[in-house]
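Enquirer: Could you have a look at this structure, given as structure tokens, before my questions?
2 protein chains.
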Amino acid sequence: MDNVRKPPTMTDVARAAKVSPMTVSRALKPGSLVSESTRARILAAADELGYVLDSTASSLRSQKTDFVAVTIPSLNNANFADTVGALTEGLKAHGLQILLGYTNYDMREEERLIEQLLRRKPRAVVMTGGKHTPRCRRLVEHAHVPVIETWDLPDQPLGHVIGFSNAQAVQSMVDHFVAKGMTRIAFIGGDADRDTRGLDRRRGFVAAMQGHGLDTSRLIAAGRPPISMREGADAMAHLLDTRQDTEAVICVSDLSAFGALSTCQRRGISVPDQISIAGFGNYEVGSICVPSITTIDPAPKDIGARAAQLICRVLGGTHTESTLEHIEPRLLLRESSA
Amino acid sequence: MDNVRKPPTMTDVARAAKVSPMTVSRALKPGSLVSESTRARILAAADELGYVLDSTASSLRSQKTDFVAVTIPSLNNANFADTVGALTEGLKAHGLQILLGYTNYDMREEERLIEQLLRRKPRAVVMTGGKHTPRCRRLVEHAHVPVIETWDLPDQPLGHVIGFSNAQAVQSMVDHFVAKGMTRIAFIGGDADRDTRGLDRRRGFVAAMQGHGLDTSRLIAAGRPPISMREGADAMAHLLDTRQDTEAVICVSDLSAFGALSTCQRRGISVPDQISIAGFGNYEVGSICVPSITTIDPAPKDIGARAAQLICRVLGGTHTESTLEHIEPRLLLRESSA
DNA sequence: ATGAAAGCGCTAACAA
DNA sequence: TTGTTAGCGCTTTCAT
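These protein sequence lines map, in sequence, to chains A and B.
Every number in our numbering is 6 more than the matching position in the first sequence, counting from 1.
Every number in our numbering is 6 more than the matching position in the second sequence, counting from 1.
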């Protein structure tokens, strides 16, 4: 009647293979000192019993886990997915797993998440972004674990940084349009400070426009960040209705830029002949659509790969001081901008 | 010189608050029996020391974790992200966390991943898809943990199923085009069996065409699955070059359908006037682009939400037998199909 | 409301 | 090459 059998332990395997639990432990670890015949017997017994190592117990005893905590704002974002993908790949070689959590662009949620993650005693922490609640900062600092902040240049880094200035990247886009002789340039972004990177991009737009002595009033707040295609489409409709003389539109992301483009297509407005459009992030949609969308490539995979490398160096002891690795986003000029 | 201070334990907090460790343990759990003054003292001490509960130890002692293992083929897929999002949301209320892994559309990788995940003793396992290696099946079966397979209707379910027939969904799309009087219908998909759901959709296409006595030779293998926009665009170019009389194209996903659409736009071919296009998955891009793309909505969030509900019922003991919950994908007719 | 003792399953350290 | 002992940090259980 005990339909909830307890799963077999190492002791069960040891008994079945007629060795001590310690020998089983050794046999299950790769490069260890067990005679081949014994190991074979043990593996057979383990397989027979359906034994699976309990990594909870193993971690507790060895005071060492094999995972790296990672937080991203949203699961549903190709850029962050690329970063996490590269990170996973880079860590796999060193036997490290990723423990992934997402904050839903909310610092309170990030704090909750970081506490959850730290309870599992990760070997390192990789966070997206450089703004955190005070308690979140304290938690991470107290953890005595290597920390990497990515996708941003934090004012007060918690540890290592692998990022870039979102503001500066957008400034380079503004500079590009201004160099082409345009002056009436709009920005489409979200309406609140949930997405700090989006906010930085908007700030970069304003700073650059002011630097050129240009009008910054074409600033469309398109809804709760992160805005996507639908919001971009609606914002473009609003812009076309209210500021018909606009020459170029810079969007907070390629997704909203694509939405803006779709509105132009529905209205028969030719891009880039009548208006130029640019995005951010080098999402696939922007490279395929017609016209393809001018954008900025922040090299998400590079961020992940470098984070993995850095973690391995730090855990290996060959790297100790805090680093700032600067990512250089590239401007990709495509068909949507004149 | 000890720059690697050991983090404080419950015993440290107990000493600081002048109570026993047991009382600290109780004070940190919500609804437990500790006087308010003692609890306040303990929480203050914990905060002071930067104490974070060690869930490794806690799980070992209580023989109970708080997470659910989830495998998805790829992180970078809005559909699976939606399922995981809904699952996370539904489980959060019950204090359960998700331990997420991705298989990269590879059954060998899934096996490796499942073993890793099972070592952490999850309370339940949610897998995407119903095809697994024999060892993977054995591992899961031996784990004596509720299992849910999603997004598919497995031949031999491991436990619960929340899914739909990908083949049947595509058949309904074929039926729709045939009812409109079309006969020369093509299918664009991947070229290997990595993506079993993609393969099922292709099978559904062939079966439906044969059922109508139609030619199934317009079957484009567009590269290594899962194919995306670029492959869809190239495949459409190939199709237009070789089978100019094609009336409709069904693509394995909206992403490839959007790529196909972009090729038509570049060549000045009017959709749907000259050719109809349909996708699968109800991705945002298909609803925004011009023309919008006819598709099938497999209700990804619904799958996740139902999985969460099912897990809670099973763990709560109110549900014991294996269930098959059938998702009914909806055909969304949009501008890209005549 | 609080405490003392025991032990979850595993592996570090030492012994043989 | 294999075994013995002890204990990781916590919570179950029982006692007060």
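Think of the CB as a built atom: it goes at the ideal place given N, C-alpha and C, for glycine as much as any other residue.
#1: Between which two residues does the alpha helix (DSSP H) carrying methionine 179/B extend?
#2: For isoleucine 283/A, report the span of its beta strand (DSSP E) as first-last.
#3: Is there a Cβ of chain B sitting closer than 9 Å to that of asparagine 82/A, yes or no?
#4: Alpha carbon to alpha carbon, how far is proline 335/A from alanine 313/A? Give it in angstroms, no decimals.
#5: Where does the unbroken alpha helix (DSSP H) through glutamine 216/A begin, and where does it stop?
#6: Would a check of beta-carbon distances place lysine 127/A closer than 9 Å to chain B?
#7: Taking just the CA atoms, how far does valine 58/A sit from isoleucine 104/A?
#8: Of all Cβ atoms in chain A, is any one closer than 9 Å to the Cβ of glycine 265/B?
#9: Here's the rule: buried if 16 or more other CB atoms are within 10 angstroms of the residue's CB, otherwise exposed. What is leucine 330/B?
#10: Here's the rule I'm using: 16 or more other beta-carbon atoms within 10 Å means buried, otherwise exposed. How should serine 223/B be labelled?
#11: At a CB-CB cut-off below 7 Å, which residues of chain B make contact with proline 13/A?
#12: Report the rounded CA-to-CA distance for glycine 96/B versus methionine 235/B, giving the unit in angstroms.
#13: Ignoring anything shorter than 3 residues, give me the beta strand (DSSP E) runs that lie fully in the region 254-321 of chain A, in order along the chain.
#14: At a Cβ cut of 8 Å, what residues of the region 224-237 of chain A count as close to chain B, listed as they run along the chain?
#15: Which term fits alanine 46/A, buried or exposed, when burial requires 16 or more other beta carbons within 10 angstroms of its beta carbon?
#16: If the criterion is Cβ atoms closer than 9 Å, does the pair methionine 188/B and alanine 254/B meet it?
#17: Note down the Cα distance separating tyrosine 289/B from proline 304/A, rounded to an integer number of angstroms.
#18: Under the rule that 16 or more other beta-carbon atoms within 10 Å means buried, what is threonine 248/A, buried or exposed?
#19: Return no unless some Cβ of chain B is closer than 9 Å to the Cβ of threonine 109/A.
#20: Who pairs with valine 76/A in a beta bridge, going by DSSP?
#21: Run through chain A and tell me which residues come within less than 7 Å of threonine 77/B, C-beta to C-beta.
#22: Please work out which residues of its chain come closer than 6 Å, Cβ to Cβ, to arginine 190/B, disregarding the five sequence neighbours upstream and downstream, and give them in chain order.
#23: Using a Cβ cut-off of 8 Å, pull out every chain B residue sitting near arginine 200/A, in sequence order please.
#24: Is the Cβ-Cβ distance between leucine 261/A and valine 277/A less than 9 Å?
#25: Could you check where the beta strand (DSSP E) with alanine 192/B kicks off and where it finishes?
#26: Give every residue of the same chain whose Cβ lies closer than 7 Å to the Cβ of methionine 7/B, excluding the five residues on either side of it in the sequence, and list them in chain order.
#27: For valine 387/A and chain B, any beta-carbon pair shorter than 9 Å?
#28: Express the C-alpha separation of proline 79/A and glycine 107/A in angstroms, rounding to a whole number.
#29: From arginine 129/B to glycine 56/B, what does the alpha carbon distance come to, in whole angstroms?
#30: Cβ of alanine 87/A less than 9 Å from any chain B Cβ?
#31: Start and end of the beta strand (DSSP E) containing arginine 236/B?
Expert: So, from the data block:
#1: On the second sequence, residue 179/B is found 173 positions in, with the first residue counted as 1. 172-185 is the extent of the alpha helix (DSSP H) around methionine 179/B.
#2: Sequence index remark: in the first sequence, residue 283/A carries index 277 (1-based). Where isoleucine 283/A is concerned, the enclosing beta strand (DSSP E) stretches over 282-284.
#3: Counting from one through the first sequence, the residue named residue 82/A turns up at place 76. It does: the Cβ of asparagine 82/A has a partner Cβ on chain B nearer than 9 Å.
#4: Walking along the first sequence from the start, residue 313/A turns up at place 307. Walking along the first sequence from the start, residue 335/A turns up at place 329. Using only the alpha carbons, I get a separation of about 16 Å.
#5: Reading the first sequence from its first residue, position 210 is the one you call residue 216/A. That run of the alpha helix (DSSP H) goes 202-217.
#6: In the first sequence, counting from the first residue as 1, residue 127/A sits at position 121. Chain B contact via Cβ: present.
#7: The residue you call residue 104/A lines up with position 98 of the first sequence. The residue you call residue 58/A lines up with position 52 of the first sequence. Distance between the alpha carbons of isoleucine 104/A and valine 58/A: 20 Å.
#8: Numbered from its first residue, the second sequence carries residue 265/B at position 259. For glycine 265/B, the answer is yes, since a Cβ of chain A falls inside 9 Å of its Cβ.
#9: The residue you call residue 330/B lines up with position 324 of the second sequence. Label assigned to leucine 330/B: exposed.
#10: Along the second sequence, read from residue 1 onward, the residue named residue 223/B stands at position 217. Answer is exposed; the Cβ neighbour count stays below 16.
#11: Taking the first residue of the first sequence as position 1, residue 13/A is located at position 7. Near proline 13/A (Cβ distances below 7 Å), the residues of chain B are His150.
#12: The sequence position of residue 96/B within the second sequence is 90, counting from 1. The sequence position of residue 235/B within the second sequence is 229, counting from 1. C-alpha separation (whole angstroms): 32 Å.
#13: 254-257, 282-284 and 301-303
#14: Ser234, Met235 and Arg236
#15: Against the first sequence, residue 46/A aligns to sequence position 40. So alanine 46/A ends up on the exposed side.
#16: Taking the second sequence and counting its residues from 1, the one referred to as residue 188/B is at position 182. Taking the second sequence and counting its residues from 1, the one referred to as residue 254/B is at position 248. Yes.
#17: For the purposes of this step, residue 289/B is taken as residue 283 along the second sequence, with counting starting at 1. For the purposes of this step, residue 304/A is taken as residue 298 along the first sequence, with counting starting at 1. In a straight line, the C-alpha of tyrosine 289/B is about 24 Å away from that of proline 304/A.
#18: For the purposes of this step, residue 248/A is identified with residue 242 of the first sequence, where counting begins at 1. By the neighbour-count rule (16 or more Cβ atoms within 10 Å), threonine 248/A is not buried but exposed.
#19: Within the first sequence, the letter at position 103 stands for residue 109/A. Chain B, which has no Cβ nearer than 9 Å to the Cβ of threonine 109/A, makes this no.
#20: If you number the first sequence from 1, residue 76/A lands on position 70. Valine 76/A pairs with Leu106/A and Val132/A.
#21: As a position in the second sequence, residue 77/B is number 71, starting the count at 1. Neighbours of threonine 77/B on chain A: none; closest Cβ ~13 Å, over 7 Å.
#22: Locating residue 190/B in the second sequence gives position 184, where the first residue counts as 1. Once the five neighbours on either side are set aside, the close Cβ partners of arginine 190/B are Asp251, Thr252 and Glu253.
#23: The residue given as residue 200/A occupies position 194 in the first sequence. Those within 8 Å of arginine 200/A in chain B number zero; the least Cβ separation is about 16 Å.
#24: Counted from its first residue, the first sequence places residue 261/A at position 255. Counted from its first residue, the first sequence places residue 277/A at position 271. For leucine 261/A and valine 277/A, no; Cβs fall outside 9 Å.
#25: The sequence position of residue 192/B within the second sequence is 186, counting from 1. 191-195 is the span of the beta strand (DSSP E), which, as asked, contains alanine 192/B.
#26: Residue mapping note: residue 7/B aligns to position 1 of the second sequence, counting from 1. Model confidence at methionine 7/B stands at a pLDDT of 34, short of 50, so the residue's coordinates are unreliable; what they give is reported in the following sentence. Hits under 7 Å: none found.
#27: This structure does not reach residue 387/A, given that chain A is present from 7 up to 344, and the question cannot be answered.
#28: What you label residue 107/A is simply residue 101 of the first sequence in a count that begins at 1. What you label residue 79/A is simply residue 73 of the first sequence in a count that begins at 1. Cα to Cα, the separation comes out at about 8 Å.
#29: Translated into the one-based positions of the second sequence, residue 129/B becomes position 123. Translated into the one-based positions of the second sequence, residue 56/B becomes position 50. So the two alpha carbons sit approximately 29 Å from each other.
#30: If you number the first sequence from 1, residue 87/A lands on position 81. It does; some Cβ of chain B falls within 9 Å.
#31: Here residue 236/B refers to the residue found at position 230 when the second sequence is read from its first residue. Premise fails: arginine 236/B lies in the alpha helix (DSSP H), 235-248, not in any beta strand (DSSP E).
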